[in-house]
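Novice: Going by our numbering, the final residue of the sequence shown carries number 768, and the count climbs one at a time with no gaps.
Ideal Cβ placement from N, Cα and C applies to all residues, glycine included.
Handing you a structure now.
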Amino acid sequence: MRQGLRRRFSAAGVLLSLFILATVATPPCLAEAAIAEHLVRNGKHVEAIRLLEEKWRAAGNLSPEELRLYLDAYYSYGKQFLEKEDFTNARASFLRVMGLDRRHADSHFQLGIIEKRAKDYQKALQYLRSAMSLGSQHSPEANLAIIEAGKECLAAAQKAIAEGRTKDARWYLTFVSSNFAGEERNKALEVATYQLIPLERAAREYAKATRLVNTRGRREAVRILRSIPKHYPMTFFADRANELLTRLGEKIIVVRTSTGLQLPPAWRRKQTAHFDVYYEKEIFFNRIVPHAEKALPQIFATFGYSRPTWKKKCKIYLFSSQGDWRKFLETNKGAVLEWSNAFAISKAMEVYLYESKDTSYMVKHIVPHELTHVVHFSVVGNLDYTPAWFGEGLAQLHEEEKPKQTRRMLRSVRRTENYIPLRELVSLHAYPADADKISMFYLESLALMDLIFRNFGPKKIREMALAYKKRRIPFETVARSVLGITMSDFEKLWKRYVE
Ligand SMILES: [Zn+2]
């Protein structure tokens, strides 16, 4: 107890009286100052600190020169912690420097950076601004960090909005609009007006509806719930309202999909292990969705996974009326690229299907094909640099019976004029411009993928898919580095496959 008190005395009491003492100090002990300086210069901060503290304890004070060295040592000590990402000790060190010298500009800067990383933006901004006004050598970086903090707060606000956390979003937006000027402030006001205020209104309506559900006003609750997606489409509470309607066994209102496509009004929604399905008719749900669940593990197996690795469910929009499907394509013209009975927006993990008369074709071909595109994206994370043949080859590999027929079909057409030579096929990054060549392109893409799959197996398929993640690379390079085969040897394989 006694010792504890004494220690506290040396830590706080001595520091307080330091400035007074420093001014009336006896001539500086040059030897100690010189040793300390040497230690600091050689990165031995702890030793320098220890030496000076001993001197301090013994003499009761430090000379201004020694104090400067002591602060330098402590500051560098803090920076060492910072490099090791030990923020607790780094913070403590810089605070100690500031406790002895309130105007230590660089410590203000370092503390600003630490608090920014800890997302305490209020403190971060105070430190960074005082670092600049005290003339820190890190002023340009402090200025950049302030700008970054503004951007981070805006991003945090957007995230809170997406997650329905209205209070957090409001805090961040208010913080930005009251602490920043110019672009950041304008953006904050814009987000508040066009996103936060509607979200807050939707939240109030949603709260009112949930209160009514729990009491006796179920009918009124349903009316309110169905008005939320209409008035506040694509907000967090539009989704929540639909979820609650689903639980209540009521039809839901989906005005827009998560990628912003406009949908026909009242649908139903049901979730399975890996899918979040929006559909018109129960009968089609039962015909399609179980097959999708069954196909999924096989698709993942092609990439070498023993089971699906999706963290979030894939959305399936299942149309069953031709009129609705046509209208859907018409309303979203421009956003919807393909005119077919199905397409996938793999980036958003969405599949759009129109269940026409031929359920078996749908189940055998379209569903596994589109799902493969989504799985492919989920494995790689970016398909911008994936050559066209690779994606379409993979997707077709999972269509029932198709790979078996490919080789035979290819043998019969390989001498026609539309045949695409191997080297040309593998360098296509888009679909061929010539419409006559499209079906040949699909056929050859599948053949090529089939060949690779048979000869090299799923692990290599995944490695190849990942090789195309960051930039465009020639097939030759991928063949050599992933498959371990030269282009001329690969061409021999291809020739044998085709002939
Ligand atoms: Zn496709």
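#1: Below 8 Å, can you find three or more Cβ-Cβ pairs linking the stretch 720-739 to the stretch 689-696?
#2: I need the straight-line Cα distance from MET709 to SER625, nearest angstrom please.
#3: For ligand 1, is there any heavy atom lying closer than 7 Å to the beta carbon of ALA664?
#4: Please report the residue range of the alpha helix (DSSP H) in which ASP705 lies.
#5: In whole angstroms, what separates the C-alpha of LYS582 from that of LYS616?
#6: With 16 as the cutoff for other CB atoms within 10 Å, does ILE415 come out buried or exposed?
#7: Just to check, is the beta-carbon of HIS642 closer than 7 Å to a non-hydrogen atom of ligand 2?
#8: Using 8 Å as the threshold, is the C-beta distance between ILE635 and LEU622 below it?
#9: Helix, strand or coil for VAL546 per DSSP?
#10: Please report the residue range of the beta strand (DSSP E) in which VAL620 lies.
#11: Judging by CA-CA distance, which residue of ILE614, ILE493, THR504, LEU666 is the nearest neighbour of VAL524?
#12: For HIS698, count neighbouring C-beta atoms within 10 Å of its own C-beta (all shown protein chains included) and say buried if the count is 16 or more, exposed if not.
#13: Go through its chain and collect everything with a Cβ distance to LEU468's Cβ below 8 Å, but skip five positions before and after it.
#14: What do you reckon, are the CB atoms on VAL445 and GLY419 nearer than 8 Å?
#15: Quick check: does the Cβ of HIS638 come within less than 7 Å of any heavy atom belonging to ligand 1?
#16: Nearest to SER714 by alpha carbon, out of ASP703, GLU732, LEU666, ALA704?
#17: In terms of residue numbering, what span does the beta strand (DSSP E) encompassing LYS584 cover?
#18: Does the beta-carbon of GLU619, which I'm using as the reference point, lie nearer than 7 Å to any heavy atom of ligand 1?
#19: In the DSSP assignment, find the alpha helix (DSSP H) that holds ALA425 and state where it starts and stops.
#20: Any idea which residues DSSP pairs PHE553 with across the strands?
#21: Who does GLN531 pair with in a DSSP beta bridge?
#22: Grab me the residues of ALA613's own chain with a C-beta within less than 6 Å of its C-beta, minus the 5 sequence neighbours each way, in chain order.
#23: Would you identify the three-state DSSP class for ILE689, choosing helix, strand or coil?
#24: Is DSSP giving ALA611 helix, strand or coil here?
#25: For GLU686, which of ALA611, ILE707, GLU668, ARG677 has the nearest alpha-carbon?
#26: Could you check if LYS499 is buried or exposed, using at least 16 other CB atoms within 10 Å of its CB as the buried criterion?
#27: Leaving aside the five residues before and after ARG487 along the sequence, list all residues of the same chain whose C-beta is less than 8 Å from its C-beta, in chain order.
#28: Would you say the stretch 315-323 touches the stretch 336-348, given that touching needs at least three Cβ pairs under 8 Å?
#29: What is the rounded straight-line gap between the Cα of PHE759 and the Cα of PRO743?
#30: Give, in chain order, every unbroken run of the alpha helix (DSSP H) that is at least 4 residues long and sits entirely within the stretch 311-350.
#31: With TYR346 and VAL315 assumed to form a contact (beta carbons below 8 Å), what rounded beta-carbon distance in angstroms separates them?
#32: Rounded to whole angstroms, what's the CA-CA distance from GLU669 to GLU562? Just pull it up for me.
#33: Comparing the CB of GLU661 with every heavy atom of ligand 1, is any distance shorter than 7 Å?
#34: So is GLN406 buried or exposed if we call it buried at 16+ other beta carbons inside 10 Å?
#35: For LEU777 versus HIS377, is the C-beta distance shorter than 8 Å?
#36: Three or more C-beta pairs under 8 Å: does that hold for the stretch 746-763 against the stretch 711-726?
Specialist: To lay it out plainly:
#1: no
#2: The count along the sequence shown starts at 1 and reaches residue 709 at position 440. The count along the sequence shown starts at 1 and reaches residue 625 at position 356. Their backbone Cα atoms lie some 26 Å apart in a straight line.
#3: The residue given as residue 664 occupies position 395 in the sequence shown. Yes, Cβ of ALA664 sits closer than 7 Å to a heavy atom of ligand 1.
#4: For the purposes of this step, residue 705 is identified with residue 436 of the sequence shown, where counting begins at 1. First-last for ASP705: undefined, no H or E at that position.
#5: Residue 582 sits at position 313 when you count from the first residue of the sequence shown. Residue 616 sits at position 347 when you count from the first residue of the sequence shown. About 13 Å.
#6: Along the sequence shown, read from residue 1 onward, the residue named residue 415 stands at position 146. Buried, since its Cβ has 16 or more Cβ neighbours within 10 Å.
#7: Ligand 2 is not part of the structure shown, which contains ligand 1 as its ligands.
#8: Translated into positions along the sequence shown, residue 635 becomes position 366. Translated into positions along the sequence shown, residue 622 becomes position 353. A contact, by the Cβ cut-off of 8 Å.
#9: The residue labelled residue 546 in the question sits at position 277 within the sequence shown. In this structure, VAL546 counts as strand in the three-state DSSP scheme.
#10: Counting from 1 along the sequence shown, the entry for residue 620 is found at position 351. 619-623 is the extent of the beta strand (DSSP E) around VAL620.
#11: Looking up residue 524 in the sequence shown gives position 255. For the residues ILE614, ILE493, THR504, LEU666, the minimum Cα distance to VAL524 belongs to THR504.
#12: What you label residue 698 is simply residue 429 of the sequence shown in a count that begins at 1. Exposed, because fewer than 16 other Cβ atoms sit within 10 Å of the Cβ of HIS698.
#13: Along the sequence shown, read from residue 1 onward, the residue named residue 468 stands at position 199. Within the same chain, LEU468 has close Cβ partners ILE430, GLY433, THR435, ALA438, TYR501, THR504, PHE505, PHE506.
#14: Sequence index remark: in the sequence shown, residue 445 carries index 176 (1-based). Sequence index remark: in the sequence shown, residue 419 carries index 150 (1-based). A contact, by the Cβ cut-off of 8 Å.
#15: Position 369 of the sequence shown, counted from the first residue, corresponds to residue 638. Flag set: Cβ of HIS638 near ligand 1.
#16: Your numbering for residue 714 matches position 445 in the sequence shown. Ranking the options by Cα distance to SER714, first place goes to LEU666.
#17: Within the sequence shown, numbered from 1, the residue matching residue 584 stands at position 315. Element bounds for LYS584: 583-588.
#18: Along the sequence shown, read from residue 1 onward, the residue named residue 619 stands at position 350. No, the beta carbon of GLU619 sits no closer than 7 Å to any heavy atom of ligand 1.
#19: Within the sequence shown, the letter at position 156 stands for residue 425. Start and end: 408-431.
#20: Along the sequence shown, read from residue 1 onward, the residue named residue 553 stands at position 284. DSSP output for PHE553 lists no bridge partner at all.
#21: As a working mapping, residue 531 is identified with position 262 in the sequence shown. DSSP, once it has assigned bridges, lists ARG525 as partnering GLN531.
#22: As a working note, residue 613 is residue 344 in the sequence shown. VAL620, GLU639, HIS642, VAL643, listed in sequence order.
#23: Reading the sequence shown from its first residue, position 420 is the one you call residue 689. Coil at ILE689, not helix or strand.
#24: On the sequence shown, position 342 is the one that residue 611 refers to. The answer is strand: DSSP assigns ALA611 an E or B state.
#25: Here residue 686 corresponds to residue number 417 of the sequence shown, with the count starting at 1. Measuring from the Cα of GLU686, the nearest candidate turns out to be ILE707.
#26: Counting from 1 along the sequence shown, the entry for residue 499 is found at position 230. LYS499 is exposed by the Cβ-count criterion.
#27: Counted from its first residue, the sequence shown places residue 487 at position 218. These residues qualify, in order along the chain: LEU481, LEU517.
#28: yes
#29: Counted from its first residue, the sequence shown places residue 759 at position 490. Counted from its first residue, the sequence shown places residue 743 at position 474. The straight-line gap from Cα to Cα measures roughly 14 Å.
#30: 314-328
#31: The residue given as residue 346 occupies position 77 in the sequence shown. The residue given as residue 315 occupies position 46 in the sequence shown. At roughly 7 Å, the Cβ-Cβ gap stays under 8 Å, so TYR346 and VAL315 are in contact.
#32: Residue mapping note: residue 669 aligns to position 400 of the sequence shown, counting from 1. Residue mapping note: residue 562 aligns to position 293 of the sequence shown, counting from 1. So the alpha carbons of these two residues sit roughly 15 Å apart.
#33: The residue you call residue 661 lines up with position 392 of the sequence shown. Checking the Cβ of GLU661 against ligand 1 gives yes.
#34: As a working note, residue 406 is residue 137 in the sequence shown. Exposed: under 16 other Cβ atoms inside 10 Å.
#35: No answer is possible for residue 777: it lies beyond the span of the chain, which begins at 270 and ends at 768.
#36: yes
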